[in-house]
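In the numbering used here, the protein residues as written are 173 to 367.
Glycine residues also receive a C-beta, built at the ideal position from the N, C-alpha and C atoms.
Working notes for the structure below.
Printed below as a string of structure tokens:
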């Protein structure tokens, strides 16, 4: 149950800065690494993240995000989508860093996928992550999905505990492809839950 001092709302364009932070936390720093490769001259990686969050279209757009506010401040966020019933082919020219992630998504066809679930550090341990995950589960249920799915780093013990506490179970693992991205994790883990 959401506490009185907490509320959900659709993200707004002006949430681009906090959304970029949340996406980077959820992605274990991989988004910042990728954004640095997309930055134009005079632009920082964070500029790219904010620009992408402010877009009207695309998976990482404020239009696909829900914000949880704590005492009136954006404290966390959720981005999710339905995975197709038909697996996406992983061709030879598929970007190497994304191959293990796509392979894991392909193992969860038809589920509602929690792409981003993150809470800013100063708002952690308040139950906001659990609230967001329950909202995700509710969304998947309302959409008639047979189950839920999420991919998490093996090094993110806190997130794994949260998902497991709310009924998610490990289904598969794939080794990370890091290029020059620095992360404590070694494997991506697919966690799923039947609805």
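Local Cβ density within 10 Å of residue i, reported as buried at 16 or more and exposed below that
{"i": "residue 207", "result": "buried"}
{"i": "residue 329", "result": "exposed"}
{"i": "residue 261", "result": "exposed"}
{"i": "residue 194", "result": "buried"}
{"i": "residue 365", "result": "buried"}
{"i": "residue 224", "result": "buried"}
{"i": "residue 354", "result": "exposed"}
{"i": "residue 352", "result": "exposed"}
{"i": "residue 203", "result": "buried"}
Residues of its chain near residue i, where Cβ-Cβ distance is below 7 Å and the 5 sequence neighbours each way are ignored
{"i": "residue 272", "result": "346, 347, 348, 349 and 360"}
CA-to-CA distance, residue j to residue i, given in whole angstroms
{"i": "residue 317", "j": "residue 305", "result": "15 Å"}
{"i": "residue 270", "j": "residue 280", "result": "16 Å"}
{"i": "residue 243", "j": "residue 274", "result": "37 Å"}
{"i": "residue 319", "j": "residue 250", "result": "17 Å"}
{"i": "residue 173", "j": "residue 296", "result": "Any reading at residue 173 needs caution, since the residue's pLDDT is 47, under 50, leaving its predicted position unreliable; the model's value is listed next. Their Cα atoms are separated by approximately 16 Å."}
C-beta atoms of residue i and residue j nearer than 8 Å
{"i": "residue 285", "j": "residue 321", "result": "yes"}
{"i": "residue 292", "j": "residue 323", "result": "no"}
{"i": "residue 278", "j": "residue 259", "result": "yes"}
{"i": "residue 252", "j": "residue 308", "result": "yes"}
In DSSP terms, what residue i is bridged to
{"i": "residue 362", "result": "323 and 344"}
{"i": "residue 178", "result": "242"}
{"i": "residue 249", "result": "239 and 290"}
{"i": "residue 231", "result": "DSSP output for residue 231 lists no bridge partner at all."}
Same chain, Cβ closer than 6 Å to residue i, neighbours up to 5 away in sequence not counted
{"i": "residue 222", "result": "188, 189 and 192"}
{"i": "residue 181", "result": "239"}
{"i": "residue 342", "result": "361 and 363"}
Close beta carbons around residue i, own chain, < 8 Å, minus the five adjacent residues each side
{"i": "residue 357", "result": "200, 325, 326, 327, 328 and 348"}
{"i": "residue 265", "result": "none"}
beta-carbon residue i near the ligand GDP non-hydrogen atom, thresh 7 Å
{"i": "residue 262", "result": "In terms of ligand content, the structure shown is empty, and the ligand GDP therefore cannot be addressed."}
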